[in-house]
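Trainee: Dropping a structure here in C-alpha cells format, bear with me for questions.
Residue numbers (full-length UniProt numbering), protein chains in the order written: chain W, 1 to 422; chain G, 1 to 448.
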C-alpha cells in the first residue's frame with residue numbers, strides 16, 4: 001500500500017486533499033462533517049471585516065444533460081462574526097489534531113489590520129495562513145481580493161506585512177483573472193510567502209434565463225460577474241500551475257493546486273504538474289464530503305500500480321514534458337488507424353474529418369452500416385477522429401515518423417527545409 | 001363454455017386497455033435519454049426507417065429543448081410520426097439498427113423519444129406546416145388510413161385540394177380499427193387525424209365506401225387524379241372443415257369490434273385459440289385475454305424462432321399469460337350444436353427452407369385436439385379482391401399492381417399501402433402515400 005499522506009511545509013495531513021476556502025469550510029458543523037468523512041484538512045473560509053451576503057449566490061453550467069460542469073458564485077468572504085469563527089477553529093483543532101487547519105485571510109488594506117488578523121489566527125493554534133488575493137467579486141470593488149492579486153506590487157507589499165508577524169507557514173492564493181499568474185506569483189515569493197496556491201475563481205457569466213432575459217445568478221432581477229470554478233476550469237488551472245512550476249523564482253516554493261479537482265485523476269494531474277497537494281470545493285458542493293473515499297482509494301491504487309511509494313515520488317514529474325512549441329519534433333508523425341472489429345459505424349470520425357479537418361477518412365456505403373477507413377497519405381495525425389470516437393481504442397494513432405532524426409522548428413528553418421508540405 | 005361479453009368490471013377494462021407505452025414522465029428523463037444519442041452521421045436508424053425520419057436530428061432537438069423543431073423534423077418525414085411511435089416494430093427498424101446494439105448497450109429509446117416530441121404537437125395542434133395557396137387542382141383519396149392521409153397531407157401542403165373518401169365513420173384506417181387498443185387509444189387516433197387535417201385543404205367524407213357509395217369511374221371524371229389507399233380486408237380463410245361454426249371469427253373483425261364498441265359488449269370465449277404469430281395474432285390474443293378469456297392459446301405452425309412478430313410483442317403475450325402451441329397446424333374445427341368445441345391440429349416439424357428463407361413446416365401425420373370455444377383467425381389478411389376485380393385496374397390476386405411511381409394501369413389513378421403490398425407496417429403505408437403524392441404532383445405539373 002502506498003503512503004498517500006502529505007506534508008505541506010510541515011503541515012501534515014493523512015492525505016493530500018484539503019477543502020478549499022469556500023462555503024463548505026465556513027462553519028464548524030461543516031468542517032467537522034468533512035473531517036469525519038476523512039478529508040486531510042481544510043482551508044477555513046476567508047476571515048476579514050464583517051460583510052453581508054446577497055441571496056441567490058450560485059449558478060451553474062450543464063453539458064449534455066449533466067449538471068454542474070461549471071459553477072459560479074457571488075458569495076463574499078465569511079459573513080459570520082470573526083470571534084465565532086476563531087472560537088470554532090480552535091474547537092475543531094482540538095477535536096482533529098491530525099488534520100491540516102489553514103485559515104484564509106483578507107484584511108482591509110492596512111498593515112495594522114493584517115498584523116492584527118494574522119495574530120488572531122495564530123492564537124487559535126491553526127497550522128497555516130492562506131492570503132486571499134483572488135476573490136473576483138464584491139471584495140475587489142473595495143480594493144481587496146483579486147484587486148490585490150492583479151497588482152504584483154500591492155501583493156508584494158501585503159505579503160511583506162504579513163511576513164513581519166507570521167510564525168506559521170503563509171500560502172498566497174493567486175487570482176487567474178490576469179494575463180499571467182507569474183508576475184504576482186513572483187512578487188509574492190519575493191515578498192517572502194512560504195507557498196503559493198492557485199487558482200482562485202475566474203470571472204464569468206454562466207448564462208442567461210431565456211424567458212426573463214436575466215443573467216445568472218438572478219438577484220432580484222439583476223446579476224453580477226461571478227467566480228467560475230468546477231470541472232470546466234481544470235485545464236486553465238493546470239496551465240497556470242505549469243507556468244508557476246516552470247518559473248525559476250516561483251518554483252522555489254510549494255504549491256497547493258486548486259481548480260476543478262473532482263476525481264483522483266484530476267488530483268494526480270495537478271501533482272504531476274508540480275502541486276504538493278490539492279484543494280477541492282465544487283465537487284463536494286455537488287456530491288457532499290463522501291467523495292473523499294474514492295479520491296483516496298483511487299490515488300492509492302494508482303500509486304501502487306505505478307510503483308510510487310509516496311506522493312513526493314511523482315510530484316512535478318510531468319513538468320519537464322511541457323516545453324515550447326519551437327522545441328517540438330517536426331519529424332514526429334502519427335496517422336490514425338480504425339479497428340474495423342471495434343467500429344460501431346457511427347460515422348462521427350468521418351464527418352468530423354470530412355467537414356472540419358483533412359478529408360482523410362474513406363466512406364464506403366453500406367446498409368444500414370457504412371464502413372470507414374483511413375486514407376493514410378492525407379492524415380496529418382491531428383487526433384480529432386480518435387477524440388470523437390465513442391469506442392475506446394477503436395481508433396489508435398500509429399507512429400510513422402517522417403525521418404529518424406529529431407528536428408525542431410529552429411533547426412528546420414536553419415536547414416532551409418521546405419515548409420509547404422501541400 | 002360460452003362466448004360472452006361483460007366478463008369484467010369497468011375498472012378492470014380500463015386498466016387492461018390503458019396505453020401500454022410508458023412515456024417520459026419528465027423533461028429530465030427525455031433529455032437524459034436524448035443526450036445518450038451519439039448523433040451518428042448517415043445514421044443507421046434513419047436508414048432503417050421506411051420514411052427516413054432524421055432520427056439523430058430530432059433527438060438532438062429534444063436534447064436542446066427545441067421540442068417544436070423536433071416535432072417538425074419528425075412530421076416532415078412522417079405525418080403519422082405520433083402513431084408510428086406507438087405501433088412501429090422498432091426493434092426490427094430504427095432501434096434495431098442503433099449502433100449501441102453493437103456495443104452491447106441498450107439502444108436509444110427512439111420510439112419513446114418520438115412519442116415525447118409528437119404527443120404535445122398532436123394534443124395542442126401545433127401549427128408546424130404552412131399550406132401553399134390553392135393551385136386549383138383536385139385529387140380524390142380513397143381511404144383515410146395512413147397511406148391515404150399521408151398522401152392527402154403532402155398534396156395539400158403544395159396547394160392541391162384533396163377530398164378523402166372513407167368507408168368508416170372515423171379516419172386513421174387500421175390505426176383506428178385494426179390495432180390493439182392499448183397501443184393506440186381511440187382518442188389518440190382521432191386526435192392524430194384531426195392534427196393531420198388541421199393543415200387545411202383536406203375534406204374527409206366519412207361513410208363513403210368505394211364500390212358502394214362512390215365509384216372509381218365517377219372519381220376519375222370528377223378529380224384530376226385519384227389515390228387508392230383502401231388497405232386490406234378480412235383475415236385469410238383457413239379452408240378447413242368446421243370454419244363456418246359459430247365461434248370462428250377473423251382477427252380483423254374481432255379487433256374492429258373492440259375498437260368500435262364498449263369493451264363489455266365484445267364477446268370472447270372462455271378458451272380461445274388464435275391462429276398465427278404475426279402482430280395481428282398477438283393483438284388478437286392479448287386483447288382476448290384482456291377482455292377476460294380464461295385461456296388463450298396461440299397456435300403456430302413453425303417455432304418461436306421463425307416468429308413474424310417482434311420479441312417485444314411476443315413478450316406482451318407471454319406476460320398476459322397466453323399459451324403457445326408451436327409446430328401445430330389447424331386441421332379441423334369441431335363443434336357441438338353448431339358451436340365451436342375444439343380445434344384439431346396437425347403436429348408439424350420443420351423441413352427445408354422455403355422462399356422466405358424460413359424452414360417450412362411439414363406434417364408428422366399425428367394430430368391433437370385443443371378444447372376451445374372460440375377460434376380467431378390471424379394468419380395473414382386478404383385483399384378486397386372482388387372490389388378490385390370489379391374495376392379495370394390491374395392486380396395480382398387482388399393486390400393492385402403499380403409501377404415504381406405508384407401509378408396504376410389506369411390513367412390518373414395511383415395506389416399505395418396495404419392494398420398494393422398485401423399488408424405491411426403503418427410506416428410503409430405512410431411512405432407509399434408520400435411517394436404517390438410526389439408522383440401525383442409531378443403528373444399534375446405542380447412543382448413541389
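For each residue, glycine too, the CB sits at the ideal point set by N, CA and C.
Within the 8 Å Cβ cut-off, does residue 70(W) reach chain G?
Mentor: Answer no: the Cβ-Cβ gap between residue 70(W) and chain G never drops below 8 Å.
Trainee: Is the CB-CB distance between residue 379(G) and residue 406(G) below 8 Å?
Mentor: In this structure, residue 406(G) does not lie closer than 8 Å to residue 379(G) by Cβ.
Trainee: So who's on the other strand from residue 59(W), going by DSSP bridges?
Mentor: According to DSSP, residue 59(W) bridges with 72(W).
Trainee: Give the list of continuous beta strand (DSSP E) stretches no shorter than 3 residues that lie fully inside the stretch 335-416 of chain G.
Mentor: With a minimum length of 3 residues, the continuous beta strand (DSSP E) runs that stay inside the stretch 335-416 of chain G are 339-353, 359-370, 374-377, 413-415.
Trainee: How do the stretch 310-328 of chain G and the stretch 223-235 of chain G stand: do at least 3 beta-carbon pairs fall below 8 Å, yes or no?
Mentor: No: the two stretches stay apart, fewer than three of their Cβ pairs being nearer than 8 Å.
Trainee: Mapping the DSSP letters down to three states, classify residue 160(G) as helix, strand or coil.
Mentor: The answer is coil: DSSP assigns residue 160(G) none of H, G, I, E or B.
Trainee: Does the pairing of the stretch 416-432 of chain G with the stretch 392-405 of chain G give three or more beta-carbon distances under 8 Å?
Mentor: The stretch 416-432 of chain G, when compared against the stretch 392-405 of chain G, does touch it at the 8 Å Cβ threshold.
Trainee: Using only the alpha-carbon positions, how far apart do residue 66(G) and residue 199(G) sit?
Mentor: Each residue's Cα considered, the two are about 21 Å apart.
Trainee: Indicate whether at least one CB of chain W lies closer than 8 Å to the CB of residue 394(G).
Mentor: Output row for residue 394(G): interface = no.
Trainee: According to the neighbour-count rule (16 or more other Cβ atoms, all chains shown, within 10 Å of its Cβ), is residue 165(G) buried or exposed?
Mentor: That one is buried.
Trainee: If we call anything under 8 Å between Cβ atoms a contact, is residue 135(G) one with residue 446(G)?
Mentor: It is a contact, given that the beta carbons lie within the stated cut-off.
Trainee: Do the stretch 25-38 of chain W and the stretch 47-56 of chain W touch if we need at least three Cβ pairs shorter than 8 Å?
Mentor: With a cut-off of 8 Å, the stretch 47-56 of chain W and the stretch 25-38 of chain W do not count as touching, because too few Cβ pairs lie within range.
Trainee: Tell me the rounded alpha-carbon separation between residue 124(W) and residue 49(W).
Mentor: Their Cα atoms are separated by approximately 18 Å.
Trainee: Can you tell me whether residue 298(G) is buried or exposed? The criterion is at least 16 other CB atoms within 10 Å of its CB, across all chains shown.
Mentor: Classification of residue 298(G): buried, given that the 10 Å Cβ count is 16 or more.
Trainee: In whole angstroms, what separates the C-alpha of residue 37(G) from that of residue 405(W)?
Mentor: Between residue 37(G) and residue 405(W), the C-alpha separation is close to 45 Å.
Trainee: For a test of the three-state rule: what should DSSP assign to residue 412(W), helix, strand or coil?
Mentor: Here residue 412(W) sits in helix by DSSP.
Trainee: How about residue 32(G): is its C-beta nearer than 8 Å to some C-beta of chain W?
Mentor: It does: the Cβ of residue 32(G) has a partner Cβ on chain W nearer than 8 Å.
Trainee: If contact means a Cβ-Cβ distance below 7 Å, which residues of the stretch 64-79 of chain G contact chain W?
Mentor: Within the stretch 64-79 of chain G, no residue qualifies.
Trainee: In the structure shown, what three-state DSSP assignment does residue 264(W) receive?
Mentor: Residue state, collapsed to three classes: helix.
Trainee: Nearest by alpha-carbon distance to residue 426(G): which of 61(G), 172(G), 98(G) is it?
Mentor: That would be 172(G), whose Cα lies nearest to the Cα of residue 426(G).
Trainee: Do you know whose CA, among 412(G), 275(G), 63(G), 29(G), lies nearest residue 324(G)'s CA?
Mentor: The shortest Cα separation from residue 324(G) among 412(G), 275(G), 63(G), 29(G) belongs to 275(G).
Trainee: Could you tell me the distance, in whole angstroms, from the CA atom of residue 33(G) to the CA atom of residue 109(G)?
Mentor: Their backbone Cα atoms lie some 7 Å apart in a straight line.
Trainee: Taking 8 Å as the threshold (beta carbon to beta carbon), is residue 54(G) in contact with chain W?
Mentor: No, residue 54(G) does not count as interfacial toward chain W.
Trainee: Out of curiosity, what's the CA-to-CA distance linking residue 438(G) and residue 283(W)?
Mentor: Cα to Cα, the separation comes out at about 56 Å.
Trainee: Please check the pair residue 130(W) and residue 102(W), which I expect to be a contact at CB under 8 Å, by giving their CB distance rounded to whole angstroms.
Mentor: Going by Cβ atoms, the distance from residue 130(W) to residue 102(W) rounds to 5 Å, so yes, they are a contact pair.
Trainee: Straight-line CA distance for residue 231(G) to residue 145(G)?
Mentor: Approximately 8 Å between the Cα atoms of the pair.
Trainee: Please classify residue 269(W) as buried or exposed, where buried requires at least 16 neighbouring CB atoms within 10 angstroms.
Mentor: With 16 or more Cβ atoms within 10 Å of its Cβ, residue 269(W) is classed as buried.
Trainee: Can you give the beta carbon distance from residue 67(W) to residue 289(W), rounded, assuming they're within the 8 Å contact cut?
Mentor: Actually they are not in contact, since the Cβ atoms of residue 67(W) and residue 289(W) sit about 18 Å apart, beyond 8 Å.
Trainee: Identify whether residue 75(G) lies in helix, strand or coil by the three-state DSSP scheme.
Mentor: In this structure, residue 75(G) counts as helix in the three-state DSSP scheme.
Trainee: Assign residue 39(W) to one of three DSSP states: helix, strand, or coil.
Mentor: Correct three-state label for residue 39(W): coil.
Trainee: Who are the Cβ neighbours of residue 176(G) in its own chain at under 6 Å, not counting the five residues just before and after it?
Mentor: Around residue 176(G): 170, 189.
Trainee: Quick check: the stretch 135-146 of chain W against the stretch 160-179 of chain W, are at least 3 beta-carbon pairs closer than 8 Å?
Mentor: Short answer: they touch.
Trainee: Let me know if residue 16(W) comes out buried or exposed under the rule of 16 or more other beta-carbons within 10 Å of its beta-carbon.
Mentor: Its Cβ being crowded by 16 or more others within 10 Å, residue 16(W) is buried.
Trainee: What residues in its chain sit with their C-beta under 7 Å from that of residue 353(W), if we drop five residues either side in the sequence?
Mentor: Cβ neighbours of residue 353(W) beyond the five flanking positions: 359, 360, 361, 384, 385.
Trainee: For residue 149(G) and residue 132(G), which I take to be in contact (beta-carbon distance under 8 Å), what is that distance rounded to the nearest angstrom?
Mentor: About 18 Å; that fails the 8 Å criterion.
Trainee: To be precise: take each residue of the stretch 116-143 of chain G, compare its Cβ to all Cβ atoms of chain W, and keep it if any distance is under 8 Å. Which residues remain?
Mentor: Listed by position along the chain: nothing, the set is empty.
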